[in-house]
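Asker:
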Amino acid sequence: MLFTAAPLDRVFFELGPLTVYWYGVIIATGAFLGLYLATREADRLGLKKDLIIDFIVFAIPIAILCARIYYVVFEWERYANGPWTDIFAIWEGGIAIHGAVIGGVLTAIVYAKYRDITFWQIADIIAPSLILGQAIGRWGNFMNQEAHGHEVSSAAYDNFLQYLPDFIMNQMTIDGVMYHPTFLYESVWNILVFAFLLVLRKYNPLRGEVFLSYAITYSIGRFFIEGMRTDSLYAFAGLRQAQLLSVFLIIVAILLIIYRRKIGVKEHYKDVPIPPKKKKKKKKK
Numbered sequence: 312m313l314f315t316a317a318p319l320d321r322v323f324f325e326l327g328p329l330t331v332y333w334y335g336v337i338i339a340t341g342a343f344l345g346l347y348l349a350t351r352e353a354d355r356l357g358l359k360k361d362l363i364i365d366f367i368v369f370a371i372p373i374a375i376l377c378a379r380i381y382y383v384v385f386e387w388e389r390y391a392n393g394p395w396t397d398i399f400a401i402w403e404g405g406i407a408i409h410g411a412v413i414g415g416v417l418t419a420i421v422y423a424k425y426r427d428i429t430f431w432q433i434a435d436i437i438a439p440s441l442i443l444g445q446a447i448g449r450w451g452n453f454m455n456q457e458a459h460g461h462e463v464s465s466a467a468y469d470n471f472l473q474y475l476p477d478f479i480m481n482q483m484t485i486d487g488v489m490y491h492p493t494f495l496y497e498s499v500w501n502i503l504v505f506a507f508l509l510v511l512r513k514y515n516p517l518r519g520e521v522f523l524s525y526a527i528t529y530s531i532g533r534f535f536i537e538g539m540r541t542d543s544l545y546a547f548a549g550l551r552q553a554q555l556l557s558v559f560l561i562i563v564a565i566l567l568i569i570y571r572r573k574i575g576v577k578e579h580y581k582d583v584p585i586p587p588k589k590k591k592k593k594k595k596k
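Count along the sequence shown from 1, then add 311; that gives the number in our numbering.
(1) For methionine 489, which residues does DSSP report across the bridge?
(2) Answer yes or no: do valine 366 and proline 439 have a C-beta to C-beta separation smaller than 8 Å?
(3) Near isoleucine 398, what residues of its chain come up, given a Cβ to Cβ distance below 7 Å and the 5 sequence neighbours on each side ignored?
(4) When the Cα of threonine 528 is compared with those of Val558, Asn515, Ser465, which residue comes out closest?
(5) Contact defined as beta carbons within less than 8 Å: I believe glycine 345 pairs with alanine 374. What is the distance between those atoms, to the nearest angstrom?
(6) Based on the DSSP output, what are the partners of glycine 460 in its beta bridges?
(7) Helix, strand or coil, according to DSSP, for tyrosine 601 in the structure here?
(8) Kindly list the residues whose CB is nearer than 7 Å to the CB of threonine 350, restricted to its own chain and excluding five residues on each side of it in sequence; keep chain order.
(9) From what residue to what residue does the alpha helix (DSSP H) around leucine 560 run?
(10) Going straight from the alpha carbon of glutamine 445 to that of valine 521, what length do you get?
(11) Give me the Cβ distance between valine 583 and leucine 356, rounded to the nearest whole Å; I'm assuming they're in contact under 8 Å.
(12) Closest to arginine 321 by C-alpha separation, out of Gln554, Ile561, Asn470, Gln482, would be which residue?
(13) Going by the CB atoms, is the gap between isoleucine 442 and asparagine 392 shorter than 8 Å?
(14) Can you give the Cα-Cα distance for arginine 551 and alanine 339, rounded to whole angstroms?
(15) Who does phenylalanine 494 pair with in a DSSP beta bridge?
(16) Does the segment 505 to 518 touch the segment 566 to 582, meaning 3 or more C-beta pairs lie closer than 8 Å?
(17) So glutamate 388 is in the alpha helix (DSSP H); what residue range does that whole segment cover?
(18) The beta strand (DSSP E) with valine 322 in it runs from where to where?
(19) Where does isoleucine 420 land, buried or exposed, given buried means 16+ other C-beta within 10 angstroms?
(20) Counting Cβ pairs, one atom from each stretch, are 3 or more of them under 8 Å apart for the segment 476 to 490 and the segment 326 to 336?
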């Protein structure tokens, strides 16, 4: 149960004054893979690939900015008395996925209005890519030795953790103490959600229900896993912010599914909206 090897190096490579961290490389890998899958799906549905590419160009930087702002706001005491430059040090970790989702949703709402399509269509196409990116991104937390749980008990190790690869448990051993790899638990859960969304969209559900199902299933896993973490952001009265938001998202998503079915939404996932007809210009006599 004792792992003594040195932790994995957080640095991917150094070139003069430039230092690239594994955290950023892993996050970028998840984003690019998600983009690839989303553009392929848009093409399969008969939509232009640039519809998704143009959206991602705006969404990724806004999502990262919102994720960092979200984290800093809830951890303000940590940054209030330190160097102000620490606020921008995202390579040290410290971005909140809920902040990224909020930023992405707001961007999608504005973008959909600009491109004259529905928000739900973009959201449905992006949802599987989003959860896959989250699954991959959690390994950035692994490299930073963060987003872990409480100390591992002998019973937990003997029952199931002993079967994990040694490199995972070694990385989760910090100052001689082994912690639960909650980053791994969430990554595995997210992969299961990703598979579920791929199956769901094959059944051509009502438009919007792929994204709303993502919100429900991801939030269920996040609620329970968050309770195991030692680095949670807290809202008030000792309540974990992510758990409160997860419950809120589950309730809102379920209510939206019920409401949209009640009002008779007829468009399905695979339906491609008919573009508006262009007005014919009158010929000058």
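We treat Cβ as the ideally placed atom computed from N, Cα and C, and that holds for glycine.
Answerer: The short version:
(1) Taking the first residue of the sequence shown as 1, we reach residue 489 at position 178. In the DSSP output, where bridge partners are listed per residue, methionine 489 has Thr484.
(2) The residue you call residue 366 lines up with position 55 of the sequence shown. The residue you call residue 439 lines up with position 128 of the sequence shown. Note that residue 366 is phenylalanine in the sequence shown here, rather than valine. In this structure, proline 439 does not lie closer than 8 Å to phenylalanine 366 by Cβ.
(3) Mapped onto the sequence shown, residue 398 falls at position 87. These residues qualify, in order along the chain: Val383, Tyr390.
(4) Taking the first residue of the sequence shown as 1, we reach residue 528 at position 217. Threonine 528 has its Cα closest to that of Val558, out of Val558, Asn515, Ser465.
(5) Counting from 1 along the sequence shown, the entry for residue 345 is found at position 34. Counting from 1 along the sequence shown, the entry for residue 374 is found at position 63. Separation of the CB atoms of glycine 345 and alanine 374 is rounded to 11 Å, and the pair is thereby denied contact status at 8 Å.
(6) Translated into the one-based positions of the sequence shown, residue 460 becomes position 149. According to DSSP, glycine 460 bridges with Arg540.
(7) The chain is shown only over 312 to 596; residue 601 falls outside these bounds and no answer can be derived.
(8) The residue you call residue 350 lines up with position 39 of the sequence shown. So the qualifying residues of the chain are Lys360, Ile363, Ile364.
(9) Residue numbering aside, residue 560 sits at position 249 when the sequence shown is read from its first letter. Segment 552 to 573, the alpha helix (DSSP H) holding leucine 560.
(10) The sequence position of residue 445 within the sequence shown is 134, counting from 1. The sequence position of residue 521 within the sequence shown is 210, counting from 1. Computed Cα separation, rounded: 16 Å.
(11) Walking along the sequence shown from the start, residue 583 turns up at place 272. Walking along the sequence shown from the start, residue 356 turns up at place 45. About 6 Å; that satisfies the 8 Å criterion.
(12) In the sequence shown, the residue the question calls residue 321 occupies position 10. The alpha carbon of arginine 321 has as its nearest neighbour, out of Gln554, Ile561, Asn470, Gln482, the alpha carbon of Gln482.
(13) Within the sequence shown, the letter at position 81 stands for residue 392. Within the sequence shown, the letter at position 131 stands for residue 442. Not a contact, by the Cβ cut-off of 8 Å.
(14) Here residue 551 is taken as the residue at index 240 of the sequence shown, counted from 1. Here residue 339 is taken as the residue at index 28 of the sequence shown, counted from 1. Answer to the nearest angstrom: the Cα atoms are 28 Å apart.
(15) Here residue 494 refers to the residue found at position 183 when the sequence shown is read from its first residue. In DSSP, phenylalanine 494 forms no bridge with anything.
(16) These segments touch.
(17) Counting from one through the sequence shown, the residue named residue 388 turns up at place 77. Per DSSP, glutamate 388 belongs to the alpha helix (DSSP H) from 387 to 391.
(18) Taking the sequence shown and counting its residues from 1, one reaches residue 322 at position 11. First-last of the beta strand (DSSP E) with valine 322: 322 to 326.
(19) Reading the sequence shown from its first residue, position 109 is the one you call residue 420. It is exposed - the Cβ of isoleucine 420 has fewer than 16 other Cβ atoms within 10 Å.
(20) Here the segment 476 to 490 makes no contact with the segment 326 to 336; the two share fewer than three CB pairs at distances below 8 Å.
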